[in-house]
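Reviewing the structure listed below.
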Amino acid sequence: MNYLLRLSLLLAILLLPAYGIAAPAPDSGIVTIVIEPMFGDQPLQLSDKQYVDNFGDTLYIDLFRFYMTGLDFGSKADTTFVLAGYSHLVDAEDKNTLSFSVKIPAGTYSSFNFTAGVDSVDNTSGANGGDLDPAMGMYWAWNTGYIMAKLEGHSNVCKTLHHAFEFHIGGYMPPYNAARNIAIALPRAMIVDHDTRNTLRIKADLATWLTTSLAKVNSIVIPGKDAAAMADNYAKMYSLDKEVQIPLIHE
Amino acid sequence: MKYLVTACIGALILYCSFGFDIKPEDIRFVRPDGWPKPVYDLSKNKITVDGFKLGRKLFFDPILSRDGSTSCASCHTQWSAFTHVDHGLSHGINGLKGKRNSLTLFNLAWNKAFMWDGGINHLEVQPLGPITNPVEMGNTLENVVKKLDTVKGYRARFYLAFGDSAITGQHVLKALAQFTVMFESFNSKYDKYTRHEPGGEMTEQELNGLALFRKNCESCHNEPLFTNYSFQNVGLSLDTELKDYGRMAITQDPRDSLKFKVPSLRNVAMSYPYMHDGRFRTLMQVLDHYTNTIVQGPTLAKEFRKPMILSPQDKKDIIEFLKTLTDKDFLFDMRFREQRE
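As given, the protein sequences belong to chains A and B, one line each in that order. Quick note: the first sequence uses the numbering used here, first residue 236, plus one each step. Quick note: the second sequence uses the numbering used here, first residue 12, plus one each step.
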């Protein structure tokens with residue numbers, strides 16, 4: 236009996252990781268967030284693909300990264316599930332960072348919210364770990380704080396070395412805090428339970444970020460008024476592409 | 012017998028190579044009586060023997076710099092209260108000169124902001140300043156992590172300190188903090204005087220200096236830490252080569268122009284030269300500045316708006332008092348020496 240129990244436990248442990256994430260408890264479900272970096276209506280391709288911005292200038296994107304923290308899921312009943320302490324760094328260069336799964340309580344949800352950036356607590360609490368590790372290349376040394384979003388590229392209209400433009404946007408101190416709350420409304424209710432897997436595909440459109448001419452502004456690398464204004468811009472680049480629900484039994 | 016000798020030699024080699032010099036009782040952080048509560052939250056980075064030793068090893072290891080030439084200790088030597096004594100401006104890789112005089116390191120747990128301009132907000136991330144500064148260590152934390160990973164022994168040390176052999180930026184920084192937060196200085200003659208302990212007998216001149224200090228200097232360099240951690244413009248002329256406006260570079264607020272951190276005066280006699288750019292070689296020059304060469308300006312500290320009056324004898328007395336802030340127990344503390352391990 237004891238032996239059987241152990242064997243079944245062992246089997247259960249072996250089988251669980253097959254879902255990629257520990258199987259949800261009966262009262263919870265898995266939501267996968269997929270980030271789709273875009274430029275206008277085209278999927279973003281780094282370095283060698285030419286894009287045209289709103290000013291008719293051609294440009295290339297070389298690097299695109301941003302933090303997603305403070306994830307929460309709102310329901311019609313006005314309750315919100317906050318995924319405490321979860322931080323995720325999206326890097327357009329690394330496919331593995333473009334999707335991640337979280338476990339949330341079963342229920343019916345109508346909105347998905349997150350912070351584009353890092354809140355002031357994590358900016359003032361010393362050396363953090365995981366995606367917030369200061370070795371991730373998203374941290375300022377001489378003036379402490381996270382770079383909340385980073386966009387680099389080049390364009391002939393930039394009168395700079397190698398025609399480069401670089402936007403390292405951050406700063407946690409008021410009035411120029413660059414963290415932005417992003418609310419993604421879901422057109423239909425998202426039902427989360429342990430039998431289904433929900434996927435939210437979120438577009439991040441860089442054409443929306445670049446609403447100032449690169450000929451005029453091509454470098455913001457310190458916190459302040461300009462960084463905060465640019466954060467207002469990129470806060471608008473996120474939108475829901477589509478919401479998919481797959482019954483888990485078919486996986 | 013032969014085995015015993017072999018075992019003894021083995022133990023001796025082990026002892027020498029690993030330096031079992033730190034015991035748990037050696038890494039107890041002390042909050043001296045009457046001192047304020049430390050700012051640094053030690054409960055979030057519990058000091059362990061292995062963490063302290065790892066931090067110490069990193070502090071002395073030039074691997075932290077891009078070309079392997081410069082360690083933390085290069086500009087922070089213990090006997091000068093962990094500053095770069097005799098160097099007005101500290102220098103780093105390729106013989107490049109920085110634009111500031113390296114600060115002393117002690118009683119860091121009470122520090123609210125780091126560097127002369129206060130740009131760094133937490134003890135644990137302070138090392139990122141010198142590690143990444145192009146004229147100091149010229150490196151990145153990513154690169155430090157990669158390099159450490161290739162050096163024999165480091166993975167095991169990280170495992171002992173943090174239960175994880177994967178080297179991360181977080182653990183590099185936490186280990187350094189465990190070491191540097193233990194730099195505590197509270198056993199100077201002045202401290203013994205205030206605690207009425209043997210060795211704290213002050214001369215008449217030192218007591219007179221203390222009285223003058225309390226009258227003229229205490230508003231910024233207040234006891235027991237000898238700083239109020241504020242940023243002040245102390246009337247130094249702007250160096251036209253360095254064009255260093257201090258705190259304003261961080262806050263972008265013109266009201267912070269020419270303001271620099273008020274440094275602690277503990278161990279000040281050992282940590283010359285003085286001021287953010289090391290322009291004064293002696294304490295007498297500093298006091299002469301305060302009485303004679305204050306540059307007026309909109310951000311000048313209110314204390315200097317009226318001239319400070321000190322006689323030559325007053326200045327000598329103040330300097331004699333400042334010498335009582337030298338803490339030999341701290342300056343020669345064996346725990347902070349580089350170990351062959």
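Virtual Cβ for every residue (Gly too), placed ideally from N, Cα, C. For clarity, every value in this text was computed on a predicted model and none was experimentally measured.
Which stretch, first to last residue, makes up the beta strand (DSSP E) that contains residue i?
{"i": "residue 350 of chain A", "result": "342-351"}
{"i": "residue 463 of chain A", "result": "Run containing residue 463 of chain A: none in the beta strand (DSSP E); it sits in the alpha helix (DSSP H), 460-469."}
{"i": "residue 403 of chain A", "result": "399-405"}
{"i": "residue 315 of chain A", "result": "315-317"}
{"i": "residue 305 of chain A", "result": "293-309"}
{"i": "residue 434 of chain A", "result": "431-440"}
{"i": "residue 322 of chain A", "result": "322-326"}
Which chain A residues sit within Cβ distance under 8 Å of residue i?
{"i": "residue 81 of chain B", "result": "Correct list: empty, because the minimum Cβ distance to chain A is about 16 Å."}
{"i": "residue 134 of chain B", "result": "361"}
{"i": "residue 143 of chain B", "result": "376, 377"}
{"i": "residue 184 of chain B", "result": "361, 362, 369"}
{"i": "residue 140 of chain B", "result": "376, 377"}
With DSSP as the reference, label residue i as helix, strand or coil.
{"i": "residue 202 of chain B", "result": "helix"}
{"i": "residue 281 of chain B", "result": "helix"}
{"i": "residue 422 of chain A", "result": "strand"}
{"i": "residue 269 of chain A", "result": "strand"}
{"i": "residue 478 of chain A", "result": "strand"}
{"i": "residue 323 of chain B", "result": "helix"}
{"i": "residue 385 of chain A", "result": "strand"}
{"i": "residue 165 of chain B", "result": "helix"}
{"i": "residue 483 of chain A", "result": "helix"}
{"i": "residue 51 of chain B", "result": "coil"}
{"i": "residue 24 of chain B", "result": "At residue 24 of chain B the pLDDT is 49, less than 50, meaning the model places this residue with poor confidence and gives no usable figure here."}
{"i": "residue 191 of chain B", "result": "helix"}
{"i": "residue 330 of chain B", "result": "helix"}
{"i": "residue 289 of chain A", "result": "coil"}
{"i": "residue 339 of chain B", "result": "helix"}
{"i": "residue 417 of chain A", "result": "strand"}
{"i": "residue 261 of chain B", "result": "helix"}
{"i": "residue 29 of chain B", "result": "Caution applies to residue 29 of chain B, whose pLDDT of 49 falls short of 50 and renders its modelled position unreliable; the value that the coordinates give is listed next. Correct three-state label for residue 29 of chain B: helix."}
{"i": "residue 98 of chain B", "result": "coil"}
Less than 8 Å between the beta carbons of residue i and residue j, yes or no?
{"i": "residue 75 of chain B", "j": "residue 142 of chain B", "result": "yes"}
{"i": "residue 369 of chain A", "j": "residue 431 of chain A", "result": "no"}
{"i": "residue 417 of chain A", "j": "residue 473 of chain A", "result": "yes"}
{"i": "residue 66 of chain B", "j": "residue 222 of chain B", "result": "no"}
{"i": "residue 351 of chain A", "j": "residue 300 of chain A", "result": "no"}
{"i": "residue 295 of chain B", "j": "residue 326 of chain B", "result": "yes"}
{"i": "residue 103 of chain B", "j": "residue 149 of chain B", "result": "yes"}
{"i": "residue 237 of chain B", "j": "residue 276 of chain B", "result": "yes"}
{"i": "residue 347 of chain B", "j": "residue 194 of chain B", "result": "yes"}
{"i": "residue 348 of chain A", "j": "residue 309 of chain A", "result": "yes"}
{"i": "residue 134 of chain B", "j": "residue 364 of chain A", "result": "no"}
List the residues of chain B whose Cβ lies closer than 7 Å to the Cβ of residue i, in chain order.
{"i": "residue 378 of chain A", "result": "130, 261"}
Show which residues of chain B have a CB atom less than 9 Å away from the CB atom of residue i.
{"i": "residue 320 of chain A", "result": "Chain B residues near residue 320 of chain A: none, gap ~14 Å exceeds 9 Å."}
{"i": "residue 352 of chain A", "result": "What residue 352 of chain A touches in chain B: nothing, since even the nearest Cβ is about 17 Å away."}
{"i": "residue 459 of chain A", "result": "263"}
Give the C-beta separation of residue i and residue j to the nearest angstrom, bearing in mind that I take them to be a contact with Cβ-Cβ under 8 Å.
{"i": "residue 332 of chain A", "j": "residue 434 of chain A", "result": "Actually they are not in contact, since the Cβ atoms of residue 332 of chain A and residue 434 of chain A sit about 16 Å apart, beyond 8 Å."}
{"i": "residue 325 of chain A", "j": "residue 270 of chain A", "result": "5 Å"}
{"i": "residue 231 of chain B", "j": "residue 273 of chain B", "result": "5 Å"}
{"i": "residue 91 of chain B", "j": "residue 281 of chain B", "result": "5 Å"}
Counting only Cβ pairs nearer than 7 Å, list the residues of chain A close to residue i.
{"i": "residue 179 of chain B", "result": "364, 368, 370"}
{"i": "residue 152 of chain B", "result": "369, 370"}
{"i": "residue 123 of chain B", "result": "Result: empty, since nearest Cβ-Cβ is about 11 Å, beyond 7 Å."}
Under 9 Å between beta-carbons, which chain A residues line up against residue i? List them in chain order, please.
{"i": "residue 102 of chain B", "result": "In chain order: nothing, as chain A lies at least about 17 Å away."}
{"i": "residue 159 of chain B", "result": "In chain order: nothing, as chain A lies at least about 11 Å away."}
{"i": "residue 257 of chain B", "result": "Simply none; closest approach about 13 Å."}
Tell me the residue span of the alpha helix (DSSP H) that contains residue i.
{"i": "residue 457 of chain A", "result": "No alpha helix (DSSP H) contains residue 457 of chain A, which DSSP labels as neither H nor E."}
{"i": "residue 83 of chain B", "result": "83-86"}
{"i": "residue 379 of chain A", "result": "First-last for residue 379 of chain A: undefined, no H or E at that position."}
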